[in-house]
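Okay, structure first, notes after.
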Amino acid sequence: MTLELLPMLLLSLLLLTSDGADAGVARLVLSGDHRLDATDEAVIVGDATVTIPADTEIPAPVYVIGGTTRIDGTVRARVTQIAGTLTVGGDARIAELRHIGGTYTIHPDAEVARRTSVDLATGTDTRLRSVVALALVAGLLAAVGARLEHTRRRNLDTIARAVARHPVVTATVGALLTITALSLLVFMAFTLVLIPVSILGLLVGVIVAALGVVAWGHRLGQLLPLQRPHVATAAGVASLVVALQLLGAVPIVGDAVVGFIALSGVGAVVVTYLGFTDFHPAPLPD
Amino acid sequence: MTARHAHQPVDRPVRQSVLAVGSPRATDAATAARTGGRLRLVDLIADREWVPIAGYAFYVALLTAGYYYNLTFVQLGLIDLGSNRLGMTRSSVSLVMAVLALVALAVSVAGGVAMDRRGWSRDLRVKLRGLTAVAAVQLALTVLAPLLRTPEGFVVWVVACAATIGVGMPVTFSFMADLIPVRDRGFAAAVPAGLAFFVAALYPQQWRVEEFSAVMAVVMAPAVVVLAVLAFRPSQLVDRLAGQQAQFGPGRYTRPPASTASTAVFALAVAAMFAVFFIDSLGFLRIIDTPAYISTSWQSPDLGVRIFIAVAHVVGAAMAGVLYTAFDWRWLLVWVFGLFAFTHLLYTFHLRTAADAVPPLVLPGVYVLAVAFYTTLNFALWPDLSTSRTIGTRCAVGVGVAGWLASFLSTSVALASDAADVPLLTHLRYVDALALLLVAAVPLALYAARVRALARQEPS
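Just so you know, the sequences run in chain order A and B.
With positions in the first sequence counted from 1, the corresponding number in the numbering used here is that position plus 7.
With positions in the second sequence counted from 1, the corresponding number in the numbering used here is that position plus 1290.
Okay, structure coming up:
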């Protein structure tokens, strides 16, 4: 399961509860290639290839949050596409199709009783969109960095010191916390009652991760030949965010570097108590 | 040792709050700046100190091989041998396994105490001789295993095997005091913990005792010869390795000025680790019997899944090694309990809501993380809570009571619940309850210990 899937999973679960389906049962298909049999459960398609064959009738809602879904059969409830690819064949009968994101093709002979569309950003060039998004993130984090440099410089310094002095320990703590926290959040979301807590947790996680990146950028900014410290921090953060995005395109090595920086940032924020105290590993004799 | 090492001031551990992640200390930053929290092994390699490096290699190879043997032959092979080949009933095989655990425990404690009383714990050569004898007998037992035809022979075989395990446990675990400096113990414990499970996850795929016994015998025979040469022939290498104990020996929590490894602390550690092993075997024994879970994880026909599990073991052990080195052992314990509780919650939730769906890999993944954590802790903790005078006893009691007695008791309980037709879900509910209780109890106990420490400091 990829990280990007998590917010969409939360969204789909949220929609599932608001759709008033029998929310206790949902089938989450996260990987592999599946042909669905008749099922009473709501279906959530993650990074998988799912086919609803022509002779199959599904009374419960279907949510496409990733992967590839092909519908040839009958869905008596709403089909919601949030992301991924949806193909509706000529024999398909669908009570309602709600499109929020992702790409879809619908055969002209298909019977779709109702169609709603929450088009957020169609028609725009995807490359342009990702550049704008990157610029927004970089600008926002740079602004946060500059502000923190001004008001909470000691905290930033402390976090940056922790990543620089103890990269392995902070990355390990970050990795462990991220793995367990993410599984815990998904798990909470599945209880449905705890979806708000899960969203809150995700938000806290994003803030902690952002703080880690800002601290790394702050460190980087100190190396830049800039006189004013908050400008240096802002420049460091912005260039780090762009560099991380570019690195992410490099397979394996790039991912490893990005992962290391992100996780050590998270770990450093946690072990320094948000930068309020220096981190010292347990003392060991030589 | 080079002069550089000899003249480095000893960075003394201070008693610090177990709740504080770390406490600010003026000298700490200086020490960290000088050594960079680096492994001693890195310095040793840079200085080409081959003798201690050989000691590392020996320790890691020994523990990996020993633990792998235990995971495969003892835990899987014996059950297969008894029930499938000798046609014994499930309960009588379990009875034999219980005998194995109890004999191993008794021999191990007796052996450990004798090692300390007679000073064998401090003599590397004596320990090597003991190990040679253990390895030779185990080689013979391995070769004999496929030839067993009667349940009586099986019982005799198991008792002999238990005796060698009993002698082997304090001997192998106490090698850490001779071979691994305190700074590197988390790392040295993580490598065998990761490797043994890594190999065990990939081989054997299908259990066939003849094939496995032949492969093991081919690997073990040269190892026994090497051990015998090291143990009985005069060698400078062994002499120099034996001399390391004075420096490496005292465990991390026993060093002056403040030893935090009192008998009470040791007893608590044993109790906590007992609970860990007990929960693990209690839950796991039933999960292992549930085909839907085991065939989609540990015994999956899909090699990718098994590689995932194997790699997760290595990653988990590496994390545990880093955490053990950087934090107090009690933090690692909190994580172990937390991960176990979470694992059981995941399994129970899956059972309740989606029992017929393919279980996601996160279930075995979190489980593996917990196992990697406690295995690493088990390797490193007992030597670190002992001095060279107590290491035999403490390793024997620690591993024996926490590992073997817990497995014995939980096997009995799991079998009893199986025999009484307790459904998996009910069984796991008890395990869940226990896991949650411990998750709550450990942080509370840590907090109470802190309160007690503060109360003592208060001027009267």
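Built from N, CA and C at the ideal position, the CB exists for glycine as well.
- Per the coordinates, the alpha-carbon of Ala1710 of chain B lies some 19 Å from the alpha-carbon of Ile1569 of chain B.
- Using a 10 angstroms sphere on the CB of Gly1401 of chain B, the tally of other CB atoms reaches 16 or more, which defines it as buried.
- Per the DSSP secondary-structure output, His41 of chain A pairs in a beta bridge with A:Val57.
- Looking at the backbone, the Cα of Arg1620 of chain B and that of Thr158 of chain A are separated by about 36 Å.
- Residue pairing of Val69 of chain A in beta bridges, as defined by DSSP: A:Val50, A:Val86.
- The alpha-carbon of Ala90 of chain A is positioned some 25 Å away from that of Ala217 of chain A.
- The straight-line gap separating the alpha-carbon atoms of Pro14 of chain A and Ala1548 of chain B is approximately 49 Å.
- For Leu148 of chain A, the uninterrupted alpha helix (DSSP H) segment begins and ends at 133-158.
- The Cβ neighbour count for Ile214 of chain A, taken over all protein chains shown within 10 Å, is under 16; the residue is labelled exposed.
- Chain A has no Cβ within less than 8 Å of the Cβ of Met1459 of chain B.
- One thing to note: Leu1418 of chain B has its Cβ within 8 Å of the Cβ of Leu1520 of chain B.
- Around the C-beta of Gln88 of chain A, 16 or more other C-beta atoms lie within 10 Å, and the residue is accordingly described as buried.
- If you draw a straight line from the Cα of Asp1406 of chain B to the Cα of Ala1423 of chain B, it is about 19 Å long.
- Within chain B, no residue has its CB atom less than 9 Å from the CB of Thr58 of chain A, the nearest being about 17 Å off.
- Distance from the Cα of Val278 of chain A is smallest, within the candidate group B:Ala1616, B:Ala1565, B:Val1604, B:Arg1330, for B:Ala1616.
- Considering only beta carbons, no part of the segment 249-272 of chain A lies closer than 7 Å to chain B.
- Between Ile101 of chain A and Val82 of chain A a beta carbon distance of about 5 Å is seen, short of the 8 Å cut, so the two are scored as contacting.
- Take Ala245 of chain A, set aside five residues on each side of it, and the residues of its chain with a beta-carbon closer than 6 Å to its own are Ala145, Ala149, in chain order.
- For the pair of segments examined, the segment 156-172 of chain A was found to touch the segment 278-288 of chain A: the number of CB pairs separated by less than 8 Å reaches three.
- Neighbours of Pro236 of chain A in chain B, taken as residues at a C-beta separation under 8 Å, are lacking, since the least C-beta distance is about 23 Å.
- When the beta-carbon positions are compared, Ala196 of chain A and Leu35 of chain A stay at least 8 Å from each other.
- Rounded to the nearest angstrom, the gap between the Cα atoms of Gly73 of chain A and Tyr1664 of chain B is 37 Å.
- Contact annotation, Ala1480 of chain B with Ala1610 of chain B: C-beta distance approximately 6 Å; criterion of less than 8 Å satisfied.
- The three-state secondary structure of Arg1620 of chain B, taken from DSSP, is helix.
- At a cut-off of 8 Å, the C-beta of Val176 of chain A has a neighbouring C-beta in chain B.
- Counting C-beta atoms within 10 angstroms of its own C-beta, Trp1340 of chain B has fewer than 16 neighbours from the protein chains shown and is therefore classed as exposed.
- For a cut-off of 8 Å, the C-beta gap from Leu37 of chain A to Pro1650 of chain B is around 6 Å, short enough to register as a contact.
- Using a Cβ-Cβ cut-off of 8 Å, Asp1618 of chain B counts as an interface residue toward chain A, since at least one Cβ of chain A sits closer than that to its own.
- The alpha helix (DSSP H) runs lying completely inside the segment 211-274 of chain A and spanning 4 residues or more are 236-254, given in chain order.
- For the segment 1412-1431 of chain B, the beta-carbon criterion of a distance under 7 Å to any beta-carbon of chain A is satisfied by none of its residues.
- Between the C-alpha atoms of Ala1391 of chain B and Ser1384 of chain B there is a straight-line separation of about 10 Å.
- By the rule that beta-carbons nearer than 8 Å mark a contact, Arg1545 of chain B touches chain A.
- DSSP places Arg1719 of chain B outside any beta strand (DSSP E); the residue lies instead in the alpha helix (DSSP H), whose first and last residues are 1714-1747.
- Chain-ordered, the chain A residues with CB closer than 7 Å to the CB of Met1609 of chain B read Thr179, Ala182, Leu183.
- Contact between Ile1470 of chain B and Tyr1349 of chain B holds: CB atoms are separated by about 6 Å, below the 8 Å threshold.
- Residue-level contact check: Arg1596 of chain B does not touch chain A, since none of the beta carbons of chain A fall below 8 Å from its beta carbon.
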